[in-house]
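Visitor:
In this note's numbering, the protein residues as written are 4 to 411.
(1) Going by the beta-carbon positions, is the gap between residue 366 and residue 278 smaller than 8 Å?
(2) If I follow the unbroken alpha helix (DSSP H) through residue 241, where does it start and stop?
(3) Measure the C-alpha to C-alpha separation of residue 20 and residue 205 and round it to an integer number of angstroms.
(4) Look up residue 157 in the DSSP assignment and say whether it is helix, strand or coil.
(5) Whole angstroms is fine: what's the gap from residue 419's alpha carbon to residue 22's?
(6) What's the call for residue 225, buried or exposed, on a 16-neighbour Cβ count within 10 Å?
(7) Hey, residue 327 and residue 74: beta-carbon distance below 8 Å or not?
(8) Would you verify that the beta carbon of residue 194 is, or is not, closer than 8 Å to some beta carbon of chain B?
(9) Can you tell me whether DSSP reads residue 391 as helix, strand or coil?
(10) Could you please give the first and the last residue of the uninterrupted alpha helix (DSSP H) stretch that includes residue 324?
(11) Where does residue 259 sit, in a helix, a strand or coil, going by DSSP?
(12) Taking the beta carbon of residue 374 as the centre, do at least 16 other beta carbons fall within 10 Å, making it buried, or is it exposed?
(13) Taking only the alpha-carbon atoms, compute the straight-line gap between residue 241 and residue 322 and give it to the nearest angstrom.
(14) How far does the alpha helix (DSSP H) with residue 49 in it extend, from its first residue to its last?
(15) For residue 107, which option in 309, 257, 358 has the closest C-alpha, if you only look at C-alpha atoms?
(16) Hey, residue 214 and residue 184: beta-carbon distance below 8 Å or not?
(17) Under a Cβ-count criterion, where at least 16 other Cβ atoms within 10 Å of its own Cβ denotes burial, should residue 407 be classed as buried or exposed?
(18) Would residue 298 and residue 250 qualify as a contact pair, given that the criterion is a beta-carbon distance under 8 Å?
(19) Looking at residue 218 and residue 245, is the spacing between their C-beta atoms short of 8 Å?
(20) Under 8 Å, with one C-beta from each stretch per pair, do the segment 88 to 102 and the segment 25 to 35 reach the 3-pair mark?
(21) Do you know how far the Cα of residue 332 is from the Cα of residue 284?
(22) From the DSSP output, in three-state form, read off residue 97 for me.
(23) Between which residues of its own chain and residue 10 is the CB-CB distance below 7 Å, once the five residues before and five after are set aside?
(24) At what residues does the alpha helix (DSSP H) containing residue 276 begin and finish?
(25) Given this structure, state the Cα-to-Cα distance separating residue 353 from residue 404, to the nearest angstrom.
(26) Under 8 Å: do the segment 91 to 103 and the segment 299 to 308 share three or more Cβ pairs, one atom per stretch?
(27) Under a three-way DSSP split, which group does residue 172 fall into?
(28) Measuring CB to CB, does residue 380 end up less than 8 Å from residue 169?
(29) Over the uninterrupted alpha helix (DSSP H) stretch that includes residue 128, give me the two end residues.
(30) Would you kindly report the start and end of the unbroken alpha helix (DSSP H) that includes residue 347?
(31) Residue 46 and residue 136 look like a contact to me (Cβ under 8 Å); what is the Cβ gap, rounded to whole Å?
(32) Let me confirm a value: residue 337 is counted as buried when at least 16 other C-beta atoms fall within 10 Å, else exposed. Which label applies?
(33) Are the beta-carbon atoms of residue 401 and residue 131 separated by less than 8 Å?
(34) Assign residue 394 to buried or exposed, taking buried as 16 or more other Cβ atoms, counted over all protein chains shown, within 10 Å of its Cβ.
(35) So, do the segment 151 to 160 and the segment 310 to 321 have three or more beta carbon pairs nearer to each other than 8 Å?
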């Protein structure tokens with residue numbers, strides 16, 4: 004039998020150093036534009052094709068795991084690749100920090116300068132960013148609907164999710180829509196499962212994975228109780244971002260309605276400020292979840308500034324990292340079960356409906372105020388979907404159009 008490989012497992016990849024992992028992911032963090040799907044392509048080109056850290060089968064298995072779990076898929080994949088190459092948790096943390104910090108610093112800097120950015124030109128620029136949000140969310144819904152609701156049962160689940168979210172506003176309605184989607188998937192979405200082969204050879208023991216999963220559950224269940232008992236805004240803020248990160252199925256854009264319910268509804272951040280930051284987040288490299296650094300910095304009450312940015316960023320990303328680290332040693336058994344795959348299909352369909360409801364409110368209702376706004380938002384959508392322009396180019400064009408509007 005050949006060395007390094009058996010009939011049931013992929014080859015064990017060569018290990019590197021934590022410093023190597025940090026430097027490679029820092030390069031990716033400053034150059035990876037285009038959102039989570041593009042990030043996965045950057046990872047493949049840099050780490051599978053160019054550096055040969057792992058083979059195609061192992062990479063495909065890893066991507067499947069990150070797409071199965073809630074959380075930011077590209078950040079989870081990067082963290083897991085750091086665990087693999089850096090031989091453990093330190094490697095994962097090095098990859099996470101290096102990939103996340105460049106865009107987080109940009110978003111924090113924008114938040115700090117936003118208060119002094121006033122006047123008609125500034126208002127036009129920020130309005131242009133809100134129109135970017137309309138175009139980007141519409142593009143996300145279009146792409147997700149094509150891949151995640153390709154048949155009548157899943158389209159029905161998406162429509163039911165829209166009905167739940169618009170009828171019962173708030174984060175509880177979104178959680179209920181996801182749960183109902185999973186249940187409906189078990190009933191309506193069973194079908195022929197794709198073939199499963201190979202094993203994920205990651206340096207994570209079942210004990211370490213179990214501890215990570217327990218910590219994930221403990222934080223999800225206990226922080227709301229602690230926030231209510233203590234009355235602490237800091238704990239309430241951590242809980243809001245952590246819960247949002249724990250429930251994001253289907254990609255980074257789905258965090259928009261979850262965070263909007265958590266920070267805009269209670270008055271922590273104004274809707275205009277929220278959408279302006281979300282629009283800018285499309286123009287920076289790295290994960291969309293660094294939008295949390297902006298939100299934490301612009302909070303109306305302490306902790307805000309640097310402390311608020313750090314709390315919000317860590318809280319939003321932490322559940323996804325705990326889940327993927329905890330699932331690495333258990334994924335082989337889970338991914339082969341038809342029931343798990345059916346539930347995931349239903350969950351993903353519900354996510355399309357939740358994002359569709361968010362496109363109307365707050366995105367559309369806060370940004371499209373005139374026929375000119377509609378034309379600009381439509382142009383942005385077509386530039387993204389038909390002309391396939393990078394999102395940062397669309398950000399520049401619509402922000403410029405908004406900036407020039409006071410003079411037109």
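The beta carbon of each residue, even a glycine, is placed where N, CA and C say it ideally should be.
Please read all numbers here as calculations on a predicted model, not as lab measurements.
Guide: Looking at the coordinates:
(1) Yes; because the gap between Cβ atoms is below 8 Å, this pair is in contact.
(2) Residue range 236 to 249 is occupied by the alpha helix (DSSP H) that includes residue 241.
(3) Approximately 15 Å between the Cα atoms of the pair.
(4) If DSSP states are grouped into helix, strand and coil, residue 157 belongs with the helices.
(5) No answer is possible for residue 419: it lies beyond the span of the chain, which begins at 4 and ends at 411.
(6) With fewer than 16 other Cβ atoms within 10 Å, it is exposed.
(7) For the pair residue 327 and residue 74, the CB atoms are nearer than the 8 Å cut-off.
(8) Note that chain B does not occur in the displayed structure, where there is just one protein chain.
(9) Residue state, collapsed to three classes: coil.
(10) Taken as a continuous stretch (DSSP letters only), the alpha helix (DSSP H) holding residue 324 covers 308 to 330.
(11) Reduced to three states, the DSSP call for residue 259 is helix.
(12) Label assigned to residue 374: exposed.
(13) Approximately 11 Å, taken between the alpha carbons.
(14) Here residue 49 belongs to no alpha helix (DSSP H), and DSSP marks it neither H nor E.
(15) Checking every option, the nearest Cα to that of residue 107 belongs to 309.
(16) Between residue 214 and residue 184, the C-beta spacing is not below 8 Å.
(17) Exposed: under 16 other Cβ atoms inside 10 Å.
(18) With contacts defined as CB atoms closer than 8 Å, residue 298 and residue 250 fail to qualify as a contacting pair.
(19) Contact annotation: residue 245 and residue 218 have beta-carbon atoms that are not nearer than 8 Å.
(20) Output reads yes: the segment 25 to 35 touches the segment 88 to 102.
(21) Using only the alpha carbons, I get a separation of about 33 Å.
(22) DSSP places residue 97 within a helical segment (H, G or I) once states are collapsed to three.
(23) With a pLDDT of 37 at residue 10, under the threshold of 50, the modelled position of that residue is not reliable, and the figure given next carries that caveat. Counting only Cβ-Cβ distances below 7 Å, and skipping sequence neighbours, we find nothing.
(24) Note, residue 276: alpha helix (DSSP H), 274 to 284.
(25) Taking the Cα positions, residue 353 is about 34 Å away from residue 404.
(26) Result no; under three Cβ-Cβ pairs closer than 8 Å.
(27) Reduced to three states, the DSSP call for residue 172 is coil.
(28) Contact flag unset, no.
(29) Run containing residue 128: 123 to 151, per the alpha helix (DSSP H) assignment.
(30) Counting along the chain, the alpha helix (DSSP H) containing residue 347 begins and ends at 341 to 361.
(31) Not quite, the Cβ-Cβ distance comes to about 26 Å (not below 8 Å), so this is no contact.
(32) When all chains shown are included, residue 337 counts as exposed.
(33) Inclusion of residue 401 and residue 131 in the CB contact set at 8 Å is warranted, their separation being smaller than that value.
(34) Label assigned to residue 394: buried.
(35) The answer is no - the segment 310 to 321 does not touch the segment 151 to 160, with fewer than three Cβ pairs under 8 Å.
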